[in-house]
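Student: Here it is: the structure, laid out below.
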Amino acid sequence: MAESTIQQYPLAGWEKPDLDLSNADWHSSSRGLGDVQIAFVEGFIAMRNSGRPESPSLIFTPAEWGAFVSGAREGEFDLT
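For the sequence shown, UniProt numbering gives the first residue as 1, with consecutive numbering after it.
Below is the structure:
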C-alpha cells in the first residue's frame with residue numbers, strides 16, 4: 001500500500017506522483033536522533049515519522065527538499 005497524502009488530501013496544482021513506498025529504503029539521522037526518516041524514491045524525497053511509519057509521508061521535489069534543509073539549518077523551524 002502506498003504511503004501518500006495525495007489521495008487523502010488532494011491539493012489544487014499538486015503534481016507529485018502517488019509513490020509506492022512499500023519497498024523504500026528508509027534512512028534515519030546519522031546520529032540516530034529524532035523520529036524522522038527519509039527515502040529517495042523515483043527522483044523524489046519522502047519523509048516520515050519513524051514512530052508511526054503507517055502514517056502518510058511527506059513528498060518533496062529536490063528543490064523543495066533543498067529549501068527545507070536550508071531552512072532547518074538556518075533555524076527557521078526552531079521553536080525558540
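The C-beta atom is built at its ideal place from N, Cα and C for all residues, glycine as well. Here the structure is a predicted model, which means the values were calculated and not measured.
1. Among residues of its own chain, excluding the 5 on either side of Lys16, which ones have a beta-carbon nearer than 6 Å to its beta-carbon?
2. Please report the straight-line C-alpha distance between Glu76 and Gly66, rounded to a whole angstrom.
3. Is it buried or exposed for Arg48, if we count other Cβ within 10 angstroms and need 16 for buried?
4. Of the choices Gln37, Glu42, Gly71 and Pro62, whose alpha-carbon is the least far from that of Asp18?
5. Quick check: what's the CA-CA separation for Ile38 versus Gly71?
6. For Ser50 and Leu21, which I take to be in contact (beta-carbon distance under 8 Å), what is that distance rounded to the nearest angstrom?
7. Based on DSSP bridge pairs, tell me the residues matched to Arg48.
Tutor: By the coordinates alone:
1. Ile59
2. 13 Å
3. buried
4. Glu42
5. 17 Å
6. That pair is no contact at about 13 Å.
7. Gln37
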